[in-house]
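Input: a single structure, listed below in structure tokens.
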Amino acid sequence: MTTIEHLITQIEQRQPVLNKSALSSEQLNFEISGVGSLATATSTQLSFLADPKYLSYLAASETGAVLVSEPHAEIARAPTIALVVANPYLAYASSTQLFESKPETGVIHPAASIADSAIIGEGVSIGPFCVVGARAQIGAGSCLDAHVVIGADTSIGERCHFKSQVVIGHDCIIGNQVRIHAGASIGSEGFGFAPTKNPSDSGWERIAQLGRVVIGDQVRIGSNTCIDRGAIDDTVIGNHVIIDNLVQIAHNVHIGDGSAIAAHTGIAGSTRLGKRCIVGGAVGITGHIEIADDVTLSGMTMVTKSIKTSGSYSSGTAAMPTAKWRRAAVRFRQMGND
């Protein structure tokens, strides 16, 4: 449970609540039990209107409080409490954090294996069957769920949360308030091999991966994502980067601050992605190229050369009946003969 007053304090870390001064003491002390959609929220829940096409739902909603922009505030029916903000969706995002379950703090399970030389900060929680390697450092207030592995000489910042079966390799550096979800692998060996004269006979010569992974502050990494350590230089993930599930980031890649990468994307080695880039699902990016700041790549785009100008880029074709696709493919090939 939380109160409207506490809710406002949370929202105003990002934006002002424009009608705060007009709310009564009774309204400020009103208790909110959770979050619901406009169609299903109860009289003790919070909802939001981010898209005007749902105005009819707002008019009929029984929600206890609603986040709305100024033009739509009067549509909410009494006794619903309208909280007026410039960006209701952002306010909703801020509000949800008050209702998520928080891990128990300061508890180290007896089944965890922690090296004597590891440095564990105040209030750190470590779940069963975790392994913390020699000289590893874990910052204050961080939480490792069950079966997390932290390699030797790795540094973890404050208030991080690693879900079950996350594996962090040796010598990595991870900033503050980083969330890594189940099964992610950070700092594994990059895919580096030199061909011999006849690989079918004598195989491939492995290149030792001698760099690290360095992750900034307030980064979110999804389940089963892999970020490989650098071959010589480091693989670097900037501040405020969000990465979806099942993303592959190869050795020596640099991801700029504030970028977002959707699921099934693969970024090959030594590529640099600029700041505030948005990468759609199943995008493929070749190695050793640079992508400028503020670039958007739509889903399934294949990037084979550097992008020097910000903007939106796409490739590939959307689904269509197979017969039409075959005719389009023939025409596409014929274009190259002109």
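The opening residue of the sequence shown carries number 2 in our numbering; numbering runs sequentially from there.
Every residue, glycine too, gets a C-beta built ideally from N, C-alpha and C.
Quantities reported herein were computed from a predicted structural model and do not represent experimental measurements.
The beta strand (DSSP E) enclosing residue i, as first and last residue numbers
i, result
"V125", "Premise fails: V125 is in no beta strand (DSSP E) and is neither H nor E."
"Q178", "Note, Q178: premise wrong, no beta strand (DSSP E); not H, not E."
"Y314", "G312 to Y314"
"T81", "Segment: none, T81 is in no beta strand (DSSP E) and carries neither H nor E."
"L47", "Q46 to F49"
"L39", "Run containing L39: none; DSSP gives neither H nor E here."
"D229", "C227 to D229"
"S188", "A quick correction: the sequence has Gly, not Ser, at residue 188. Where G188 is concerned, the enclosing beta strand (DSSP E) stretches over S186 to S189."
"P196", "F194 to P196"
"L211", "No beta strand (DSSP E) holds L211; DSSP gives it neither H nor E."
"L298", "V296 to L298"
Nearest candidate by alpha-carbon position, reference residue i, set the options
i, options, result
"A40", "I33, S48 and S34", "S48"
"V85", "N20, E13 and A293", "N20"
"V18", "L8, E27, N177 and V237", "L8"
"E291", "G223, N199 and V254", "V254"
"A60", "H289, D52, Q46 and E75", "E75"
"T305", "S299, T287 and S315", "T287"
"R15", "P89, R221 and L50", "P89"
"R78", "D117, H171, S189 and Y58", "Y58"
"V248", "R213, G281 and S315", "G281"
"I238", "R207, S271 and E123", "S271"
"H162", "F100, A141 and G170", "A141"
"G217", "D258, T97 and E27", "D258"
"G158", "K54, I120, S224 and S114", "I120"
"I109", "V284, S143, P322 and A209", "S143"
"M303", "G285, D295, H171 and G122", "G285"
"G231", "E190, S224 and A319", "E190"
"L56", "S44, A87 and S70", "S70"
"H171", "E27, Q138, D202 and A183", "Q138"
"V149", "D117, E123 and A112", "A112"
Nearest-angstrom Cβ-Cβ length linking residue i and residue j, presumed shorter than 8 Å
i, j, result
"R273", "S260", "In fact, because the Cβ distance is near 11 Å, the residues do not count as touching under 8 Å."
"I12", "A92", "5 Å"
"H252", "G193", "6 Å"
"A153", "R180", "Not confirmed; about 23 Å, so no contact."
"R221", "I244", "7 Å"
"A185", "V167", "5 Å"
"S62", "A42", "6 Å"
"V36", "T81", "That belief does not hold up - the Cβ atoms of V36 and T81 are roughly 14 Å apart, past 8 Å."
Limits of the unbroken alpha helix (DSSP H) element including residue i
i, result
"F333", "T323 to M336"
"E6", "I5 to I12"
"T236", "Looking at the DSSP string, T236 is not in any alpha helix (DSSP H); the run it does join, the beta strand (DSSP E), is T236 to I238."
"E27", "S26 to L29"
"P89", "P89 to T97"
"P200", "P200 to S203"
"S57", "L56 to A61"
Exposure label - residue i; buried when at least 16 CB within 10 Å
i, result
"K325", "exposed"
"G312", "exposed"
"I233", "exposed"
"T106", "exposed"
"Q46", "buried"
"R334", "exposed"
"A329", "exposed"
"G212", "buried"
"G317", "exposed"
"Q210", "buried"
"K164", "buried"
"D146", "buried"
Within-8 Å CB hit, residue i to chain B
i, result
"G193", "No chain B is present in this structure, which holds just one protein chain."
Worksheet item: Is there contact here, the region 118 to 127 with the region 53 to 73, by at least three beta-carbon pairs under 8 Å?
Response: no
Fill in: Cβ pair count under 8 Å reaching 3, the region 193 to 205 against the region 171 to 181
no
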